[in-house]
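Protein sequences appear in the order of chains U and C.
The numbering of the first sequence is the working numbering, which starts it at 16 and goes up by one.
The numbering of the second sequence is the working numbering, which starts it at -18 and goes up by one.
Ideal placement from N, C-alpha and C gives every residue a C-beta, glycine not left out.
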Amino acid sequence: HSIEQTEMMELPASGSLNPGKLHLVSKLKNPSGSCSVDVGAVWWERAGSKEPCIITACEDVVSLWKPLDTWQWEKVYTWHFTEVPVLQIVPVPDVHNLVCVALGSLEIREIRALMCPCDGEHGKQALLKSGDIKAVLGLTKGRLVSSSGTVCDQQVGVMSFAEDGGSKEEQLLMPPEETVLTFAEVQGMQEALLGTTIVNSIVIWNLKTGQLLKKMHIDDSYQASTCHRAYSEMGLLFVVLSHPHAKMNESFGSPVFQLMVINPKTTFNMGVLLYCLPPGQAGRFLEGDVKDHVAAAVLTSGTIAFWDLLLGHCTALLPPVSDQNWSFVKWSGTDSHLLAGRKDGDIFIYRYS
Amino acid sequence: CSKADLGPVSLTWFEELSSEAPP
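Structure follows, in structure tokens:
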């Protein structure tokens, strides 16, 4: 077992916008030096108490880190993947001792469940799904939704896990006649699920009955949009989308996220707000995550940018540390921290206030 | 654009769409 020392670092001040919002609290140094692909958080229960742990993924290894005192971390378990590389970590909310991973080269070929080790035992893993998998997302109440197959034989299914990560069952949802690329839960509506499709539609399912409730075409200005957050208010559906292919606009800059409003009854929709980079900042959306009213995105420039979705503007910029570009960013599902990773495998944990 | 452009809204849209959609 290796123990990594916590290192308090000064935030890079030059070029930072409101750096006071970000406080580096801890760092996990990658001892292997191999290419890091993702990070996530999981609750690990041992001897009756639950601890918020970090999961890191390199192409061939997934590691579980438990917290020690004063923000130090101890690597307690690793799962090895020699045949198919790891693509992403898929946290499953409301269950403990379990995290899922998506494996594949360019597209997802397998989804596996990793069971965190109980006292004196080894961590186990189980194959949940294999094939041509297009999208996967962990949902509240210990559920996992995925879409697979081609548009002709597309299968959309939801698996359910027990709170301790045990037993699972799968329910099929009615597939739309378009390939589903991403999923998003509708906040506060446990039975509602959204999907975005390859031809820029948003679909809504009833998770309880498996019904496809609506398919709505949205603006064609931005292709391959990903839905990061959805909520319903006053009979309208609000969605936060990211636009990887959005181009710089002379009047308002480079749009990275967009808030759209949809009337699910009529399918009429319109853009409400564009979340753009501040003047002088270049780059497009590479990867990002939204939690409550804060959105974070890694840009093609290697900087991480933050937006307050209520205020409507960029609130902080985190430039590359030691000339190493950021490659991924995630909000922790176990607390309010931000997990930021670099290609060299080092993970930085920030408090955003 | 305004809210009126979105057409009539319903607070119970999810239940209504569920009762209208094929099972």
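Chain order gives the chain U residues near A2 of chain C as Q226, L227 and L228, where near means a beta carbon separation below 7 angstroms. Scanning the region 66 to 152 of chain U from its first residue to its last, the whole beta strand (DSSP E) runs of 3-plus residues come out as 76 to 82, 88 to 95, 101 to 105, 113 to 119 and 123 to 130.
Between T197 of chain U and V107 of chain U, the alpha-carbon positions lie close to 16 angstroms from each other.
Residue U:P132 holds the alpha-carbon nearest to the alpha-carbon of T93 of chain U among U:Q87, U:P132 and U:P82.
Counting along the chain, the unbroken beta strand (DSSP E) around F363 of chain U starts and ends at I362 to Y367.
Counting along the chain, no alpha helix (DSSP H) covers S161 of chain U; the unbroken beta strand (DSSP E) around it starts and ends at R158 to S163. Under the three-state reduction of DSSP, F283 of chain U is assigned to coil, being neither helix nor strand.
DSSP places D304 of chain U in the strand class (E or B) of the three-state scheme.
By the beta-carbon neighbour count (other beta carbons within 10 angstroms, threshold 16), S161 of chain U is buried.
When C-beta distances to chain C are compared with 9 angstroms, every residue of the region 317 to 333 of chain U stays at or above that value. Taking 8 angstroms as the CB threshold, A245 of chain U stays off the interface with chain C. In the structure shown, E(-3) of chain C adopts helical secondary structure according to DSSP, grouped into three states. A direct Cα-Cα distance of roughly 33 angstroms separates W58 of chain U from S316 of chain U. Across the structure, H243 of chain U and K139 of chain U are spaced so that their CA atoms are roughly 30 angstroms apart. Residue environment for L142 of chain U: exposed (fewer than 16 other C-beta atoms within 10 angstroms of its C-beta). Taking a cut-off of 8 angstroms on C-beta distances, the region 182 to 199 of chain U touches the region 209 to 224 of chain U, as three or more cross pairs fall below it. Taking 8 angstroms as the upper bound for CB-CB distance, A320 of chain U and L292 of chain U are in contact here, some 6 angstroms apart.
Remark: C-beta atoms of W88 of chain U and I69 of chain U approach each other more closely than 8 angstroms. From the beta-carbon of F283 of chain U, the residues of chain C found nearer than 8 angstroms are D(-14), L(-13) and G(-12).
For D53 of chain U, the uninterrupted beta strand (DSSP E) run begins and ends at S51 to R61, by DSSP.
The beta carbons of V54 of chain U and G356 of chain U sit closer together than 8 angstroms. V344 of chain U has its alpha-carbon roughly 7 angstroms from the corresponding atom of E302 of chain U. The beta carbon of G203 of chain U lies closer than 8 angstroms to those of Y246 and S247 in the same chain, with the five residues before and after it left out.
Closer than 9 angstroms at the C-beta level to chain C, one finds these residues of the region 196 to 216 of chain U: V201, M204, E206 and A207. Contacts between L288 of chain U and chain C, judged by CB atoms closer than 9 angstroms, are missing: the closest CB pair is about 12 angstroms apart.
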